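Numbering of the sequence shown is given in the working numbering, commencing with residue 201 and proceeding in unit increments. The beta-carbon is built from N, C-alpha and C at its ideal position, and this holds for glycine as well. Since we're looking at a predicted model, the values are computed, not measured. Encoded as C-alpha cells, the structure appears first; notes follow it.
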Amino acid sequence: MIIHQHNNEGFSGNLANLLKTNDDKEGRSLRKVIATGSLLNILLCAIKVIGGWIGNSDALIADGFHSLGDFATDIVMFLFVGISIRKATAKYSYGYGKFETFASLVASALIAAIGVTLIVEGSERIAAFVNGAILERPALWTLGIILAAMLMKECLYRYYTRSGKKLGSSALCTIALHHRADAFASLATLIGVGCSIFFGEKLRILDPIVTLVLAAFIVVSAIRLFIPAWRELVEHSLPASVISQVRSAIETVAGVKEIRTIRSRSHGRYYIFDIGISVAGNLTVEQGAVIAGKVEESVARAFDRPVMVSVTIGV
Ligand SMILES: [Zn+2]
201 MIIHQHNNEG FSGNLANLLK TNDDKEGRSL RKVIATGSLL NILLCAIKVI
251 GGWIGNSDAL IADGFHSLGD FATDIVMFLF VGISIRKATA KYSYGYGKFE
301 TFASLVASAL IAAIGVTLIV EGSERIAAFV NGAILERPAL WTLGIILAAM
351 LMKECLYRYY TRSGKKLGSS ALCTIALHHR ADAFASLATL IGVGCSIFFG
401 EKLRILDPIV TLVLAAFIVV SAIRLFIPAW RELVEHSLPA SVISQVRSAI
451 ETVAGVKEIR TIRSRSHGRY YIFDIGISVA GNLTVEQGAV IAGKVEESVA
501 RAFDRPVMVS VTIGV
C-alpha cells in the first residue's frame, strides 16, 4: 500500500546546491568553449576546401567538408546548449535537457548526409581512375595545411577535455574525443596526399581512397552521436553500474525494509530516478516522509551531476 509519495519539492534546498553548475557563469563558459571550437572548425573548413581545390587534393577537400559537418554540429549545440542547461521551470518541470538531445539528433542527420555525399564522390573518382583517367598531382604545400590542422585539432582536444571535466558536461567530453579523431583523420589525409605527391601517377589513387576512408569515419561519427541521443529520447535505462550505485545509496538509509523498484533515465545532464521502497507498517506518515527524504538526499549525494529523485513508500 502506498502511504506517501514524496518528491523533489520537499528537497529543493539540497538540490539547489547540487544544481549550482547550472548558473549563468557556467553557461557562458560552456558557450565560450563551443564558440571557440566552431570558429576554428569553420576556419579549418575554409582553408582545407580552398587548399584542396587549388592544390588538386580531393582528400583534403573531403577533410574540409568533414570540418563543415563539425561546424554544423557546433552551431546546433551552441544554439541549444544555452537552453539545455537552464533550470527547470513551470513550463518544463524536468528542465530543458531534451533540447540538447534533439540538437544531437539533427546534427547526426546532417553529418551522415555529408558522409554519404563524400562516399559517392570518392567512388566516382576511383571509377574514373580504373577507366584510365590520370588524376592530377596534389601540390606540395597541401601537406603544410594538413599538419597545421592536426596540431590545431590536438589543441582543441585538450581544451575541450579540460573544460568538459570542469563543467561536468559529457557532451563536451564527447566532442573532445571527436577533435582527437579529426587529428587522426588528418593523419590519414597526410599519408594519402603525401604518397600521391611523391610516388607517381599510380599511387594518386590513394587520394580518393583516403576520401572514402574519411567519409566512412564521418558516417561512423554520425552514428555515435545518434545512439546516445536516441537512447535518451526513448528513455533507455541507465547502466547497471549506476543502478547499483543507487542501490548502495538507498541501503545506507536506516528504516528502509526493501527496495521494490528503481526506474532510471537520463535527461540532458540530469539523472532521473523513480524509487519505490517499503518501510515498517507501524510508522507514522511523518516518519515515512523523513525516511523518503533521507533516501533522496543519499541518492543525490552519490552522483556528481544534477539528479532528480522521487521516492514512493509502501509497507
Ligand atoms: Zn570532425
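**Request:** Could you tell me the boundaries of the beta strand (DSSP E) in which residue 443 lies?
**Result:** Residue 443: not part of any beta strand (DSSP E); member of the alpha helix (DSSP H) spanning 440-451, first to last residue.
**Request:** Report yes if the CB atom of residue 448 is closer than 8 Å to the CB atom of residue 460, and no otherwise.
**Result:** No, the pair does not count as a contact, with Cβ atoms beyond the cut-off.
**Message:** Does the segment 381-400 come into contact with the segment 243-263, if we say contact requires no fewer than three beta-carbon pairs (one atom in each stretch) closer than 8 Å?
**Reply:** With the cut-off at 8 Å, the segment 381-400 and the segment 243-263 touch.
**Item:** Within 8 Å, strictly: CB atoms of residue 468 and residue 324
**Value:** With a cutoff of 8 Å on beta-carbon distance, residue 468 and residue 324 are scored as not near each other.
**Prompt:** How big is the Cα-Cα spacing for residue 333 and residue 315?
**Reply:** Distance between the alpha carbons of residue 333 and residue 315 is about 25 Å.
**Item:** Presumed contact (8 Å Cβ cut-off) between residue 414 and residue 388, rounded CB distance
**Value:** With a Cβ gap of about 7 Å, residue 414 and residue 388 count as contacting.
**Message:** At a threshold of 7 Å, does residue 421 count as lining ligand 1 (C-beta to nearest heavy atom)?
**Reply:** Result yes, Cβ under 7 Å from ligand 1.
**Through-space distance from residue 335 to residue 410, alpha-carbon basis** = Residue 410 and residue 335 have their C-alpha atoms some 14 Å from each other.
**Message:** Quick check: does the Cβ of residue 274 come within less than 7 Å of any heavy atom belonging to ligand 1?
**Reply:** Between ligand 1 and residue 274, a heavy atom-to-CB distance of less than 7 Å is absent.
**Residues near residue 242 in its chain [Cβ-Cβ closer than 6 Å; skip 5 each side]** = Counting only Cβ-Cβ distances below 6 Å, and skipping sequence neighbours, we find 271.
**Message:** Am I right that residue 312 and residue 422 are in contact with their C-beta atoms under 8 Å? What's the rounded C-beta distance?
**Reply:** The C-beta distance from residue 312 to residue 422 rounds to 4 Å, short enough to fall under 8 Å.
**Request:** Pick out whichever of 308, 418, 237, 498 has its Cα sitting closest to the Cα of residue 428.
**Result:** Nearest of 308, 418, 237, 498 to residue 428, Cα basis: 308.
**Item:** contact_flag[the segment 337-344, the segment 240-260] where n(CB pairs < 8 Å) is 3 or more
**Value:** Flag = yes, the segment 337-344 and the segment 240-260 touch.
**Prompt:** Is residue 221 helix, strand or coil by DSSP?
**Reply:** Reliability fails at residue 221, whose pLDDT of 47 lies under 50, so the model's placement of it is uncertain and the value that follows must be treated cautiously. Note: residue 221 maps to helix in three-state DSSP.
**Asked** Sorry if obvious, but does the Cβ on residue 263 come closer than 7 Å to a heavy atom of ligand 1?
**Response** Residue 263: no, Cβ never under 7 Å from ligand 1.
**Asked** Three-state secondary structure (DSSP) at residue 378?
**Response** The answer is helix: DSSP assigns residue 378 an H, G or I state.
**Prompt:** Based on Cα-Cα distance, which residue from 451, 464, 470, 515 lies nearest to residue 494?
**Reply:** Of 451, 464, 470, 515, the residue nearest in Cα terms is 451.
**For residue 458, the first and last residue of its enclosing beta strand (DSSP E)** = Its beta strand (DSSP E) spans residues 458-467.
**Asked** Does ligand 1 have even one heavy atom less than 7 Å from the beta-carbon of residue 467?
**Response** Not so, every heavy atom of ligand 1 lies at least 7 Å from the Cβ.
**Prompt:** Taking Cβ positions, are residue 349 and residue 244 nearer each other than 8 Å?
**Reply:** In this structure, residue 349 sits near residue 244, with a CB-CB distance shorter than 8 Å.
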